[in-house]
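Trainee: So the number in the numbering used here is just where the residue sits in the sequence shown, counting from 1, plus 11.
Yeah, the Cβ is synthetic: ideal placement off N, Cα and C, and Gly gets one too.
Just so we're clear, the structure is a prediction, and the values are computed from it rather than from any experiment.
Pasting a structure below so you can have a look.
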Amino acid sequence: MLRLRRVVASLWLMGLLCARFASAQDLILRPSPPTELKLVQIGHGKTTNGVKTAFRVYEAPDGSRGKVFYVKYDSLQASQEEIERWVKVTPKITSREQNQINEKGQLISDRRLGVQDLPEPDKKEFVIIRRDGLNCYLIESVSLQVALQVEGLIEHK
12 MLRLRRVVAS LWLMGLLCAR FASAQDLILR PSPPTELKLV QIGHGKTTNG
62 VKTAFRVYEA PDGSRGKVFY VKYDSLQASQ EEIERWVKVT PKITSREQNQ
112 INEKGQLISD RRLGVQDLPE PDKKEFVIIR RDGLNCYLIE SVSLQVALQV
162 EGLIEHK
């Protein structure tokens, strides 16, 4: 009788562990929620210092848009200088996150969130300035939610 209880208890415990493992796997394998943004424009141009840049414009169902400008540099110093140029034209930086410092003590990832006034009264635009290694991103939108969704579309290393 005691042995039967142990077997039942063991089977019950294994079943519980299997259920927890399966639910944990479900959370890991569940795809991220789809974004409702629609790509409406793709283009390219040059930065003020003549480096090629690409951009994309996305639109949310409510009509608000988000733009992302992308530049890749050959050196860490050049990418840091581009970020500083973008920061200078953003009047109000509200937060800054710095992540990952390499073996030389250089910052690999930098993210800044800012706000700038638009020509229309009482209109503001959210700005996300991001650098991942040599890649620089400038995201702009009047909707913070759209700006964050656009940022979520970028693969960060």
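1. Under 9 Å, do K48 and Y81 count as touching if we go by C-beta distance?
2. Is S75 closer than 9 Å to V126 when the C-beta atoms are compared?
3. Assess, as a yes-or-no matter, whether the region 52 to 69 is touched by the region 125 to 142 under the definition of 3 or more beta carbon pairs within less than 8 Å.
4. Counting only the same chain and skipping the five closest in sequence on each side, list residues whose C-beta sits under 6 Å from that of E108.
5. Bridge partners of I140, per DSSP?
6. What residue does the beta strand (DSSP E) around K63 start on, and which one ends it?
7. Going by DSSP, which residues form a beta bridge with E108?
8. Using three-state DSSP, classify L155 as helix, strand or coil.
9. If we call anything under 9 Å between Cβ atoms a contact, is E93 one with N60?
10. Using CA coordinates, which residue listed in N146, K134, K57 and T58 is at the minimum distance from Y84?
11. Using a Cβ-Cβ cutoff of less than 6 Å, which residues in the same chain neighbour P102 once the five nearest sequence positions on both sides are dropped?
12. Roughly how many angstroms separate the alpha carbons of H55 and I150, rounded to a whole number?
13. Under the assumption that S154 contacts A71 (Cβ atoms under 8 Å), give the Cβ distance between them as a whole number of angstroms.
Mentor: On the basis of the coordinates in this document:
1. Residue identity differs from the one stated: residue 48 is Leu in this sequence, not Lys. Their beta carbons are not under 9 Å apart, which means L48 does not touch Y81 by this criterion.
2. no
3. no
4. R122
5. R123 and L149
6. K63 to E70
7. R122
8. helix
9. yes
10. N146
11. Q127
12. 15 Å
13. 7 Å
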